[in-house]
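J.: Take this structure first; my questions come after.
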Amino acid sequence: MSTLFISDLHLEEKRPEIIEAFFDFLSRKAHNIDALYILGDFFEAWIGDDENTPLQVTVKQKLKEVTLSGTQLFLMHGNRDFLMGLQFCDETGAKLLDDPSVVTLYDHPILLMHGDSLCTHDVEYMKFRKNMRDQQWQALFLKRSLVERQVVAQQLRTISQAKNKGKAQEIMDVTPAEVDSSLREHQVDVIIHGHTHRPATHNLEVDGEPATRIVLGDWDTHVWYIQADVTGEIALINYPIEQPA
0 MSTLFISDLH LEEKRPEIIE AFFDFLSRKA HNIDALYILG DFFEAWIGDD ENTPLQVTVK
60 QKLKEVTLSG TQLFLMHGNR DFLMGLQFCD ETGAKLLDDP SVVTLYDHPI LLMHGDSLCT
120 HDVEYMKFRK NMRDQQWQAL FLKRSLVERQ VVAQQLRTIS QAKNKGKAQE IMDVTPAEVD
180 SSLREHQVDV IIHGHTHRPA THNLEVDGEP ATRIVLGDWD THVWYIQADV TGEIALINYP
240 IEQPA
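At position 53 of the sequence shown the residue is numbered 52 (numbering that gives the first Met the number 0), and the sequence of numbers has no breaks.
Pasting the structure below:
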């Protein structure tokens, strides 16, 4: 048996090749395993559980098939889908995880995060993140009509894309000291996260002890996932997504 981790699929209707790659991944990899963890930015945008586009409906059906097979499904909010809620979980059989969360993976504690909270050098984004995660703001936003929320979401995406173009790449990556602090605070030696779109396995040293940071990639040209099993091996794996002609 095994456990899989994915993040940053950014599912949306205009990228059908990623949708198909995800459904294929579920059918071939995610049924009848111990668990599947989705660590944020599953959808390109999520404006509330009451929106039910054809894509959302189909994705929920596919995830329900996974949980019915016996696989535990866990979801963590990202910076794109932090409004995903309990209704989505009820319809799929998933469980929401706090960011960060420590889970015991085959007798070994692992720290799971989306990853954006580690990017503390991006001061402007950290302020934006704090505002968006405010429960009062979220409650007021969800009271708006679907149409209003769709307009606001598109505006926020446009602003974000424009601002990111002008930022140095290192600012949008994790702050090494913040990684060390998180490992130290949670008393673990392995951290798994996404968000940065920089897949890699980093060997670290924290307080003189070895540690590992494994970064999931975004599903743009490749499927990226982490596979762990009872042997203790944790492997970062990828394969290409068939691109439209």
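Beta carbons are placed, not taken as given, at the ideal position from N, Cα and C, and that holds for glycine.
Here the structure is a predicted model, which means the values were calculated and not measured.
Do you know whose CA, among 198, 190, 76 and 133, lies nearest residue 107's CA?
T.: Nearest C-alpha to residue 107: 190.
J.: Going by DSSP in three states, residue 185 sits in which element: helix, strand or coil?
T.: Residue state, collapsed to three classes: helix.
J.: Should the stretch 138-154 be called in touch with the stretch 104-119, which here means at least 3 C-beta pairs below 8 Å?
T.: Output reads no: the stretch 104-119 does not touch the stretch 138-154.
J.: Which residues does DSSP list as the beta-bridge partners of residue 234?
T.: Beta-bridge pairing links residue 234 to 226.
J.: What does the alpha-carbon distance come out to for the pair residue 226 and residue 52?
T.: About 31 Å.
J.: For the beta strand (DSSP E) containing residue 204, name the first residue and the last one.
T.: From DSSP, the beta strand (DSSP E) with residue 204 extends over 199-205.
J.: On the DSSP bridge list, what partners appear for residue 211?
T.: For residue 211, which the question treats as bridged, DSSP gives the partners 189 and 202.
J.: In this structure, does DSSP put residue 141 in helix, strand or coil?
T.: Reduced to three states, the DSSP call for residue 141 is helix.
J.: Among 21, 54 and 187, which residue has its Cα nearest to the Cα of residue 102?
T.: Checking every option, the nearest Cα to that of residue 102 belongs to 187.
J.: Do the stretch 67-82 and the stretch 35-47 touch if we need at least three Cβ pairs shorter than 8 Å?
T.: The stretch 67-82 vs the stretch 35-47: in contact.
J.: Between residue 192 and residue 112, which are expected to be in contact by the criterion C-beta below 8 Å, what is the C-beta distance as a whole number of angstroms?
T.: Indeed they touch by this definition, with Cβ atoms about 4 Å apart.
J.: Roughly how many angstroms lie between the CA atoms of residue 99 and residue 132, to the nearest whole one?
T.: If you take the alpha carbons of residue 99 and residue 132, they lie about 14 Å apart.
J.: Evaluate the contact criterion for the stretch 43-57 versus the stretch 78-88: three or more CB pairs, one atom per stretch, below 8 Å.
T.: Flag = yes, the stretch 43-57 and the stretch 78-88 touch.
J.: Assign residue 112 to one of three DSSP states: helix, strand, or coil.
T.: In this structure, residue 112 counts as coil in the three-state DSSP scheme.
J.: Residue 176 by DSSP, collapsed to three states: which one?
T.: Residue 176 falls in the helix class under three-state DSSP.
J.: If you compare alpha carbons, which of 61, 4 and 114 is closest to residue 88?
T.: If we check each option's Cα against that of residue 88, 61 comes out closest.
J.: According to the neighbour-count rule (16 or more other Cβ atoms, all chains shown, within 10 Å of its Cβ), is residue 215 buried or exposed?
T.: With 16 or more other Cβ atoms within 10 Å, it is buried.
J.: Grab the span of the beta strand (DSSP E) containing residue 60 for me, first residue to last.
T.: First-last for residue 60: 53-67, but that is the alpha helix (DSSP H), not the beta strand (DSSP E).
J.: For residue 223 and residue 234, I'd like the C-alpha separation in whole angstroms.
T.: Taking the straight line joining both Cα atoms gives about 11 Å.
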